[in-house]
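Okay, structure first, notes after.
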Ligand code: FES
Ligand SMILES: [Fe+2]
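In my numbering, the protein residues as written are 2 to 401.
This is the structure we're talking about:
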């Protein structure tokens, strides 16, 4: 386990951070900073999945973040709820698979059963005076925007504010509310979660590290074709970055419309359409894609004929996961309407490349010779991300 000789307090480290420079080594290696990171992330919103995963009453999925685990379940009343995946008897995980379906939730340890709304249904051999009503699964905050399910492990996550409108502009255009999941894949990355996120937020590495992505996306080139800052009359979307900073108490979101290379209409091998169009975007085939993100861990990307959800999951100090979920239009069928291998090719190969470069980055950052280095002109997203992380961590550790 690599260690650091930097033992400054977190407050001193955040105060010493120099904008324009990558983070000090301690941020990537110290267990106390990982623990502080987790508290910060748990209190915020993170992307749990898509509503199509819980389409019917009784469908549930499990969403995890560090040591936390939530059950997202659709009830008999049609409502989608988030419940802490912690039994109210003696604390076992209740749902131990990634997803499932049933009329109730049964703890595997001593078989307490819970209704789909989390209330306790049955517990055997409990003493007189036991109150079932006081032993339901704890509800967690949940927010659904355009089919995307966000949850929080905190008691009072920041309100969405402008973030909701920014995300909804994208999900409405691409009709993500009625999308379905075509595929999902998890990439395990032996690196601190912040190196995963820093990598995701810049395209300086795209040219050297992502030959496939770079052919298709103007973003991979310096001074790439910029889109108008006025909303496109066809899509209603501008090439805009709508930040709603958390420092004023709201959740942070960004939606960015970005040009594909000339002649490219989607993220396929040859840039040509490969699946039925999604929502109004497909009818426009405007040669763009839209990147979106919420908070510090959740991102998504819309092409005209498919979409991607990225769930970034810190597991331990030097262990992270990237879950990639591919979305297609409602009622489209693999093999009939699209080729699944072709659909998943770009972000499968790109994510494998990312895993490799992030792990090499961690190896260097873990070494004694690592020092913070300067960001290039092609890394404004990562610079902003790092500065925002430092600001939010300083606020979080400063709270009583
Ligand atoms: S811990 Fe769940 S029933 Fe005992
Ligand atoms: Fe990448």
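The beta-carbon is built from N, C-alpha and C at its ideal position, and this holds for glycine as well.
Residue burial classification, residue i (beta-carbon count within 10 angstroms, cutoff 16)
i: residue 171; result: buried
i: residue 9; result: exposed
i: residue 165; result: buried
i: residue 110; result: exposed
i: residue 329; result: buried
i: residue 377; result: exposed
i: residue 63; result: buried
Euclidean distance between Cα positions of residue i and residue j
i: residue 189; j: residue 316; result: 10 Å
i: residue 337; j: residue 396; result: 51 Å
i: residue 186; j: residue 180; result: 18 Å
i: residue 287; j: residue 208; result: 24 Å
i: residue 201; j: residue 79; result: 35 Å
i: residue 360; j: residue 366; result: 10 Å
i: residue 278; j: residue 306; result: 4 Å
i: residue 374; j: residue 276; result: 42 Å
i: residue 389; j: residue 162; result: 18 Å
i: residue 263; j: residue 141; result: 45 Å
i: residue 14; j: residue 21; result: 15 Å
i: residue 194; j: residue 3; result: 16 Å
i: residue 253; j: residue 130; result: 46 Å
i: residue 298; j: residue 351; result: 18 Å
i: residue 128; j: residue 49; result: 37 Å
i: residue 271; j: residue 265; result: 7 Å
i: residue 285; j: residue 11; result: 49 Å
i: residue 38; j: residue 345; result: 32 Å
Nearest-angstrom beta carbon gap, residue j and residue i [assumed within contact, 8 Å]
i: residue 199; j: residue 387; result: 7 Å
i: residue 217; j: residue 363; result: Incorrect: roughly 28 Å between the Cβ atoms, too far for contact.
i: residue 311; j: residue 325; result: 6 Å
i: residue 303; j: residue 282; result: 7 Å
i: residue 175; j: residue 380; result: 28 Å between Cβ atoms; not a contact.
i: residue 84; j: residue 41; result: With 8 Å as the limit, residue 84 and residue 41 do not qualify as a contact, their Cβ atoms being about 23 Å apart.
i: residue 391; j: residue 18; result: 5 Å
Residue j beta carbon less than 8 Å from that of residue i
i: residue 121; j: residue 75; result: no
i: residue 118; j: residue 94; result: no
i: residue 255; j: residue 160; result: no
i: residue 70; j: residue 86; result: yes
i: residue 72; j: residue 24; result: no
i: residue 46; j: residue 151; result: yes
i: residue 354; j: residue 210; result: yes
i: residue 347; j: residue 213; result: yes
i: residue 192; j: residue 66; result: no
i: residue 44; j: residue 158; result: yes
i: residue 269; j: residue 343; result: yes
i: residue 178; j: residue 147; result: yes
i: residue 168; j: residue 52; result: no
i: residue 123; j: residue 59; result: no
i: residue 382; j: residue 98; result: no
Residues bridged to residue i (per DSSP)
i: residue 367; result: Answer is none; residue 367 lacks a bridge partner.
i: residue 149; result: 51 and 146
i: residue 293; result: 256 and 301
i: residue 140; result: 84
i: residue 73; result: 62 and 83
i: residue 181; result: 329
i: residue 172; result: The partner list for residue 172 (beta bridge, DSSP) is empty, contrary to what the question assumes.
i: residue 34; result: Looking at the DSSP assignment, residue 34 forms no beta bridge with any residue, so it has no partner.
i: residue 100; result: 62
i: residue 312; result: 299 and 324
i: residue 161; result: The partner list for residue 161 (beta bridge, DSSP) is empty, contrary to what the question assumes.
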